[in-house]
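Enquirer:
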Amino acid sequence: MRYALTRPMVLEEAGTTPDGAGGFVTTWTALGTLWAELRAGSGSERRGAIAPEGRMLFRVYLRAAPQGSPQRPRPDQRLRDGDRVFTILAVSEADAAGAYLVCHAREEVPA
158 MRYALTRPMV
168 LEEAGTTPDG
178 AGGFVTTWTA
188 LGTLWAELRA
198 GSGSERRGAI
208 APEGRMLFRV
218 YLRAAPQGSP
228 QRPRPDQRLR
238 DGDRVFTILA
248 VSEADAAGAY
258 LVCHAREEVP
268 A
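Take the position in the sequence shown, starting the count at 1, then add 157; the result is the number in my numbering.
(1) V217 and F181: beta carbons closer than 8 Å?
(2) Can you tell me whether P230 is buried or exposed? The criterion is at least 16 other CB atoms within 10 Å of its CB, across all chains shown.
(3) Report all residues from its chain with a CB closer than 6 Å to the CB of C260; omit the five preceding and five following residues, and keep chain order.
(4) How far does the beta strand (DSSP E) with A197 in it extend, from its first residue to its last?
(5) Beta carbon of V167, beta carbon of G211: below 8 Å?
(6) Rounding to the nearest angstrom, what Cα-Cα distance links I207 and E264 in this structure?
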């Protein structure tokens, strides 16, 4: 199966830096741009700290990269599409030939 990898998404990795008060601040570093196809899955609403939040699940299809490659997304990373952020929950091969990957991701947005 072929996928329409027409959407550029930036792969980001979290890091921590001291906040000057004894704690840490999470910062995200761009690792590179991956071309993807984004498919919406199910959605739900939940109570947020201030207001209700919408939660959408997505499948993000990408070209495959071998295990350990910096081009292969991991569950501790995220994908960014402009202002939209997709937290990666799991990554697996999308096809039997291993030519594509599928990232199961979650987007949380204010409702």
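We put the CB at the ideal spot given by N, CA and C, even for glycine.
Expert: Short version:
(1) For the purposes of this step, residue 217 is taken as the residue at position 60 of the sequence shown. For the purposes of this step, residue 181 is taken as the residue at position 24 of the sequence shown. Going by C-beta atoms, V217 is not nearer than 8 Å to F181.
(2) By one-based count along the sequence shown, residue 230 stands at place 73. Classification for P230: buried.
(3) Against the sequence shown, residue 260 aligns to sequence position 103. Excluding positions up to five away in sequence, the list reads V217, P230, I245, V248.
(4) As a position in the sequence shown, residue 197 is number 40, starting the count at 1. Note, A197: beta strand (DSSP E), 181-204.
(5) As a working mapping, residue 167 is identified with position 10 in the sequence shown. As a working mapping, residue 211 is identified with position 54 in the sequence shown. No; because the gap between Cβ atoms is not below 8 Å, this pair is not in contact.
(6) Position 50 of the sequence shown, counted from the first residue, corresponds to residue 207. Position 107 of the sequence shown, counted from the first residue, corresponds to residue 264. Their Cα atoms are separated by approximately 18 Å.
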